[in-house]
Amino acid sequence: MTIMTDSRFDFDTAINRSTTNSEKWDKYRGRDIIPLWVADMDFRSPPAVIAALHERVSHGVFGYTNPSQGLIDAVMGHLKRDFDWPIKPEWIIWLPGLVCGLNVLCRAVGETDDEVVTLTPVYPPFLSAPPLSGRTLLTVPLHLTNGRWECNLEELERAITPRTKLLLLCSPHNPVGRCWSREELQRLAELATRHNLVIGSDDIHAGLILDEDKRHIPLATLSAETASRTITLLAPSKTFNIPGLGCSFAVISDPELRRSFRKAMGRIVPHVNTLGYTAAEAAYRDGEEWRMALIDYLRANRNLVLEAVGRMPGLSVTPVEATYLAWIDARHSGIEQPGRFFEQAGVGLSDGADFGAPGFVRLNFGCCRSLLEEGLRRMERALAEQ
C-alpha cells in the first residue's frame, strides 16, 4: 500500500514524551506497553500554534487574560467557513475544558433529581457528569445494525419521562466513530421538541471527519427552533492536539439558556489560561493546512487498523467515520477482560466498561505509523497465542 503524506508536516517521526509527565505515556512508565488509550495524539501541534506560543511566552507576563478580538473573530470565521454556522460574539462562553462544560451543562438545565438521557457507549464524563450534578442518569444503548451504530428513536422516546430535561449527544461520536447524518440529527431534534428537552451537544471532534463523503453538521444549524434549545460544546484541543492547554467554549444562542449556563458556572469555574487562548487563536486562524494533512494521515492509519483488526480472530471493528478512535468488539474472542488481556500483550487500550460497554476496547490511532503497526502486531500475536 502506497501512502502519500504532506511533506511540509511530519507525522511519522516518533516524539519522545516519556520525560514530559504525559498522562498517556506515564501510565505505563517502565513497562513495555504501547499506550494507545486516552484521546491524546502523539503529534507535534501545528507550526503556527508553536510559533504563537513562543511569541507569547517571550513577552514574559502571564496575568489574567481575556479572549482577544482576534480569537473571537477566528472562532466565528471557523464556524462560518467549516459549518456554514454564523454566530454572534455574545453566544460564546469560554471554558477551561470540555469536561468542565459537560458538568456545568448538567447543572444549568432542570433541577436536582431531574433526568439526563444519553446514548451508550459514550465518553465516560457523559456518565459521571449527571450524578455529580445531582441529576439522574438515563442511558439508552446504540444498536449495531448492518455494521453501523445507530440510535433507535422509539427506544429513546420510551425512556424519556416528565422528569427528563436534558439530552446529551456526542457528535461526532466517541467512541463509535459516527458522523451523524442530517436525517439522524433532524429526528433527534424533533424528539427534543416533542418532549421540550434541551440538547447538550459535544462537538469536540467536529474537525476530525475522516470520510470524504461526510461532513459534520452542528445540531444548532438545523433550525432556529433547534438552536434555541441547544448548547454546543467545542474546543480546538482534539483537532490540533492541544488538550493540555485547556481552552474550550460553549455556543448558546438562547439568552435564557446562556444565563442559566453562566449562573451554573458561578465563581467555581476558573478562567481559561493565557496560553490556551493564544493556541486556540493560532489553530483556528492558521492551522487549516496542517489539519488537512493530519486528516490524510489519520485516514491512512484508520485503514491500517480496519485491515489488521479484520484479520484478528474474534475481533471486529466498525467503520470509523470520524475521530482517531477505533471501537473494537472483543465479545466473540473468548477473552473475559480484553483491556487487561491486550495490556498484558504490550498494548494499552481503553476498556469498554468505562464507556458503559464491557467486552469492547477503544484504540487511539493518533500516533506515528510505525508505533501503530507494532501495536497491531502485538495484538495479532497475542490472539494467535492465546
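Those letters in the sequence shown? Residues 6 to 391, by my numbering.
Where a beta carbon is used, it is the ideal one built from N, C-alpha and C, also for glycine.
Rounded distance between the beta-carbons of residue j and residue i, thought under 8 Å
i: Ser206; j: Leu238; result: 7 Å
i: Leu1; j: Ile236; result: With the chain covering 6 to 391 only, the question about residue 1 has no answer from this structure.
i: Leu377; j: Leu309; result: 6 Å
i: Phe360; j: Pro129; result: 6 Å
i: Glu120; j: Thr150; result: That pair is no contact at about 26 Å.
i: Asn179; j: Thr328; result: 6 Å
i: Leu381; j: Val366; result: That pair is no contact at about 13 Å.
i: Ala232; j: Ala225; result: 4 Å
Close Cβ partners of residue i (< 7 Å) along its chain, the five nearest in sequence each way excluded
i: Thr198; result: Glu230
i: Thr283; result: Ala57, Leu58 and Arg61
i: Ala362; result: Thr125 and Pro126
i: Gly339; result: Gly319
i: Lys219; result: Cys184 and Glu326
i: Leu76; result: Tyr282, Ala285 and Glu286
i: Tyr69; result: His276
i: Asp47; result: Ile20, Arg22, Gly371, Cys372 and Cys373
i: Leu196; result: Leu158, Leu161 and Glu162
i: Glu379; result: Ile39
C-beta atoms of residue i and residue j nearer than 8 Å
i: Phe254; j: Trp42; result: no
i: Leu174; j: Leu161; result: no
i: Leu171; j: Ile300; result: no
i: Thr18; j: Cys373; result: yes
i: Ala79; j: Glu286; result: yes
i: Gly102; j: Gly251; result: yes
i: Asp118; j: Gly139; result: yes
6 Å Cβ shell around residue i - same chain, five flanking residues per side excluded
i: Trp185; result: Ser176
i: Ala211; result: His221
i: Trp295; result: Phe14 and Pro51
i: Ala387; result: Ala350
i: Arg263; result: Ile257
i: Ile8; result: Only weak support exists for where Ile8 lies, its pLDDT of 48 falling under 50; the value from the coordinates is given anyway. Taken in chain order, the residues that qualify are Ala305.
i: Tyr33; result: Pro40 and Gly353
i: Asp291; result: Ala53
Assigned exposure category for residue i - 16 Cβ within 10 Å defines buried
i: Ile39; result: buried
i: Val29; result: Note on residue identity: the sequence assigns Lys, not Val, to residue 29. That one is buried.
i: Lys85; result: exposed
i: Gly371; result: buried
i: Tyr289; result: buried
i: Asp208; result: buried
i: Ser375; result: exposed
i: Glu326; result: buried
i: Lys93; result: exposed
i: Thr123; result: buried
i: Asp89; result: exposed
i: Pro91; result: exposed
i: Phe131; result: buried
i: Phe67; result: exposed
i: Met81; result: buried
i: His83; result: buried
i: Met297; result: exposed
i: Ala44; result: buried
i: Arg234; result: buried
i: Gly115; result: buried
i: Ser63; result: exposed
i: Leu213; result: buried
i: Leu137; result: exposed
Nonlocal neighbours in the same chain, by C-beta distance under 8 Å from residue i, ignoring five residues either side
i: Val181; result: Pro126, Leu147, Trp154, Thr323 and Trp332
i: Pro187; result: Note on residue identity: the sequence assigns Arg, not Pro, to residue 187. For Arg187, where only same-chain residues beyond five positions count, the Cβ hits under 8 Å are Ile222 and Leu227.
i: Leu105; result: Reading the sequence as shown, one finds Cys at residue 105 and not Leu. Correct list, in chain order: Ser253 and Val274.
i: Asp37; result: Gly351
i: Ser73; result: Tyr282 and Glu286
i: Leu107; result: Pro130, Phe131, Ala134, Leu173, Gly205, Asp207 and Leu238
i: Asp307; result: One detail in the question is off: residue 307 reads as Arg in this sequence, not Asp. Only Leu215, Val325, Tyr329, Ala331 and Phe370 meet the Cβ criterion.
i: Gly344; result: Leu354, Ser355, Asp356, Gly357, Ala358 and Val366
i: Glu293; result: none
i: Leu1; result: With the chain covering 6 to 391 only, the question about residue 1 has no answer from this structure.
Proximity test, residue i beta-carbon vs the ligand SAM heavy atom, cut-off 7 Å
i: Ala362; result: Looking at this structure, you won't find the ligand SAM or any other ligand, since it has none at all.
For the region 158 to 165 against the region 189 to 206, do three or more pairs of beta-carbon atoms, one drawn from each stretch, fall closer than 8 Å, so that the two count as touching? yes
Does the count of Cβ pairs from the region 335 to 343 and the region 15 to 28 closer than 8 Å reach three? Counting Cβ pairs under 8 Å, fewer than three are found: no touch.
Taking three-plus beta-carbon pairs below 8 Å as touching, is the region 48 to 62 in contact with the region 245 to 261? yes
Taking one C-beta from the region 308 to 322 and one from the region 269 to 287 each time, how about it: are there three or more such pairs within less than 8 Å? Between the region 308 to 322 and the region 269 to 287, the count of Cβ pairs shorter than 8 Å is below three; the stretches do not touch.
Would you call the region 267 to 275 and the region 102 to 116 in contact, with 3 or more CB pairs under 8 Å? yes
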